[in-house]
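This report refers to the structure that appears directly beneath it.
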Amino acid sequence: MRDTDRLELLGLEVACVIGDLPEERGREQRLLVDVSLACDLAAAGTSDDLRDTVDYAALAAAIRAALRAARCRMIERAAECVARVCLDDPRVRSVRVRVEKRGAVPGLRAAAATVTRERDGASA
Numbered sequence: 045m046r047d048t049d050r051l052e053l054l055g056l057e058v059a060c061v062i063g064d065l066p067e068e069r070g071r072e073q074r075l076l077v078d079v080s081l082a083c084d085l086a087a088a089g090t091s092d093d094l095r096d097t098v099d100y101a102a103l104a105a106a107i108r109a110a111l112r113a114a115r116c117r118m119i120e121r122a123a124e125c126v127a128r129v130c131l132d133d134p135r136v137r138s139v140r141v142r143v144e145k146r147g148a149v150p151g152l153r154a155a156a157a158t159v160t161r162e163r164d165g166a167s168a
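At position 17 of the sequence shown the residue is numbered 61 (my numbering), and the sequence of numbers has no breaks.
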């Protein structure tokens with residue numbers, strides 16, 4: 045497998061319940077999610093066929109659905125949730141996920157959590 049091949053989803057907007065405070069549990073907030081997948085892109089690069097790669101539209105929909113269902117309290121958990129969704133595809137060797145929550149603290153543009161996970165479950 046090519047370690048240098050990466051497929052990226054950048055700035056995926058997800059409206060979901062996120063937060064630990066009581067006032068956050070009853071409303072959706074917006075997260076921005078960046079995903080970088082380590083996977084072999086050679087086959088799709090040659091065939092020009094969607095079946096030979098990770099379908100990023102389907103992955104984006106799966107990430108949105110998972111985060112909406114999870115109702116996470118912490119952005120760290122949201123990042124882990126996204127990583128698990130990405131690693132469900134056997135072609136993905138590892139994933140780097142960044143979850144950003146804007147307006148979490150007055151005067152702070154955003155809080156973000158970044159995790160890197162490999163297929164075997166180890167962090168990289």
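Note that the Cβ used here is the ideal one computed from N, Cα and C, for glycine as well.
Here the segment 121-136 lies against the segment 144-159, with 3 or more beta-carbon pairs under 8 Å apart. Residue state for GLY55 is assigned as strand, using DSSP reduced to three classes. In the DSSP annotation of this structure, the continuous segment of the beta strand (DSSP E) that includes LEU76 starts and ends at 73-82. VAL126 sits in a helix when the DSSP states are folded into three classes.
Assignment of alpha helix (DSSP H) within the segment 88-117, counting only whole runs of 4 or more residues, yields 100-114 in chain order.
Contact between GLU57 and SER80 is absent: CB atoms are separated by about 17 Å, not below the 8 Å threshold. Judged by beta-carbon spacing, THR97 lies beyond the 7 Å limit of ALA86, meaning their Cβ atoms are not closer than that value.
Taking C-beta separations shorter than 8 Å and ignoring five residues to either side along the sequence, the partners of LEU94 in its chain run ALA88, following chain order. If you ignore the 5 residues before and after CYS83, its C-beta comes within less than 7 Å of the C-beta of ASP49, LEU51, VAL98, ARG135, VAL136, ARG137, all in its own chain and listed in chain order. Residues of the same chain with their beta carbon placed closer than 7 Å to that of THR90 are lacking, with the five preceding and five following residues left out of the count.
In this structure, the CA atom of ALA106 is about 9 Å from the CA atom of CYS130.
In this structure, ARG146 sits away from VAL61, with a CB-CB distance that is not shorter than 7 Å.
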